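Scroll down for the structure; my scribbles are underneath it.
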Amino acid sequence: MNFLVLTIFPELLAAFWENGIMRRAVQSGTIEPLAINIRDHAAGRHRVTDDRPYGGGCGMVMKPEPLAAALHSARQAAPDATVVLLSPQGRSFDQAMARRLSAARGLILICGRYEGIDERVSEQFVDLEISIGDYVLTGGELPAMVVMDAVTRLLPGALGNEASAGEDSFDAQRLDYAHYTRPPEFEGRSVPEVLLSGHHEEVAQWRRANALMRTLIKRPDLLQPAALSERESNLLIQWRREIDRLLHAEGGGGPDPPSGGG
Ligand code: 4HQ
């Protein structure tokens with residue numbers, strides 16, 4: 038997949054593309070990334086890319102002409118690519134959107150700086166406006182990297198192991214289960230016994246239950262009752278009974294509080 042990033046700071050992307058799974062994806066031809074310096078498409082001796090806002094006020098706005106010219110050159114490299122603008126006004130990025138984008142013919146990612154880009158560029162050229170979250174950054178480069186990272190690991194061959202991306206917790210609307218590696222005891226804490234047992238079906242059961250419990254405790258908003266399997270509904274009912282039993286146990290006050298100490 039072609040990733041064409043329009044930015045005034047192309048150096049920001051180099052480290053991202055030159056390391057880890059992104060680097061491997063470049064080497065295997067899974068992705069073909071290119072940063073296009075908007076300044077290279079700006080006119081005049083000073084190659085100015087920003088200007089003062091009409092109507093006054095603080096901050097600067099990215100001029101439309103250099104952006105349009107940079108976009109034109111990106112379109113020549115990838116005529117069928119989806120044009121994405123990274124901005125806080127965009128639709129919230131999530132795993133489902135990453136999945137949809139992984140089927141695109143390519144992505145042209147426009148990274149604004151300052152107060153953002155001239156609205157007419159957005160109206161004229163942008164297919165999709167994406168926000169990576171409700172906070173304000175200094176530029177669209179980090180959001181563009183977030184989108185490319187999430188999309189790349191979904192492309193065939195990018196992770197080496199085809200199963201990995203398909204087993205993602207968010208595709209199943211669940212958090213991941215807890216992971217452990219050696220040593221079997223660390224600072225007095227043991228790895229759950231069942232994971233050392235070699236019983237694959239029991240391990241799988243423990244992981245499903247662990248993922249469900251973590252989701253219930255940490256992100257209950259993810260649990261859609263309709264999306265629960267019968268096995269999961271039964272687990273939830275069982276846990277609720279156990280919690281009720283503990284809350285209404287004789288003595289009323291519940292178990293003794295922890296002693297502190299540590
Ligand atoms: N910005 N998700 C302002 C973001 C942002 C976000 C990008 C800040 C664009 C001009 N982009 N510039 N959050 O905060 O995507």
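For reference, each letter of the sequence shown is one residue, going 38 to 299 in my numbering.
C-beta atoms are modelled at their ideal positions from N, C-alpha and C, and glycine is treated no differently.
For clarity, every value in this text was computed on a predicted model and none was experimentally measured.
List the residues that DSSP assigns as beta-bridge partners of residue 227. 222
At the level of alpha carbons, what is the spacing between residue 234 and residue 226? So the two alpha carbons sit approximately 17 angstroms from each other.
Taking residue 120 as part of the alpha helix (DSSP H), name the residues at either end of that continuous run. Element bounds for residue 120: not the alpha helix (DSSP H) but the beta strand (DSSP E), 119-129.
To the nearest angstrom, how far is it from the Cα of residue 300 to the Cα of residue 274? The requested residue 300 does not occur in the structure, where the chain is confined to residues 38 to 299.
Am I right that residue 187 and residue 135 are in contact with their C-beta atoms under 8 angstroms? What's the rounded C-beta distance? Confirmed, about 4 angstroms.
Suppose only complete runs of 4+ residues qualify. What are the alpha helix (DSSP H) ranges in the stretch 111-187, listed by chain order? 132-138, 156-162
In whole angstroms, what is the alpha-carbon distance linking residue 220 and residue 77? When rounded, the distance between both Cα atoms is 53 angstroms.
How about residue 257: is its Cβ closer than 6 angstroms to a heavy atom in the ligand 4HQ? Because no heavy atom of the ligand 4HQ lies under 6 angstroms away, the Cβ of residue 257 does not count as near it: no.
Under 8 angstroms Cβ to Cβ from residue 307, same chain only, skipping five residues before and after it: list those, please. Limits of the chain in this structure are 38 at one end and 299 at the other, which puts residue 307 out of reach.
Straight-line gap, residue 202 to residue 59 (C-alpha atoms, nearest Å): 15 angstroms
Are at least three pairs of beta-carbons, each pair with one atom in the stretch 85-102 and one in the stretch 51-67, less than 8 angstroms apart? no
Would the beta-carbon of residue 68 be found less than 6 angstroms away from any heavy atom of the ligand 4HQ? no
With 16 other CB atoms within 10 Å as the buried threshold, where does residue 95 fall? exposed
Can you tell me where the beta strand (DSSP E) holding residue 42 begins and where it ends? Unbroken beta strand (DSSP E) run through residue 42: 39-44.
According to DSSP, simplified to helix, strand and coil, what is residue 196? coil
Look at residue 212 and residue 256 and say whether their C-beta atoms are less than 7 angstroms apart. yes
Under 8 angstroms by Cβ, that's how I've got residue 122 and residue 163 pegged, so tell me the actual separation to the nearest angstrom. Cβ atoms of residue 122 and residue 163 come within 8 angstroms of each other, at about 5 angstroms.
Under three-state DSSP, which class holds residue 69? strand
Indicate, with yes or no, if the ligand 4HQ has a heavy atom lying under 6 angstroms from the CB of residue 270. no
Rounded to a whole number of angstroms, what is the C-alpha to C-alpha distance between residue 155 and residue 112? 19 angstroms
On the DSSP bridge assignment, give the partners of residue 74 in chain order. DSSP, once it has assigned bridges, lists 44 as partnering residue 74.
Given 6 angstroms as the limit, tell me if residue 169 has its C-beta closer than that to any heavy atom belonging to the ligand 4HQ. yes
Distance check for residue 176 and residue 99, CA to CA, integer angstroms please. 11 angstroms
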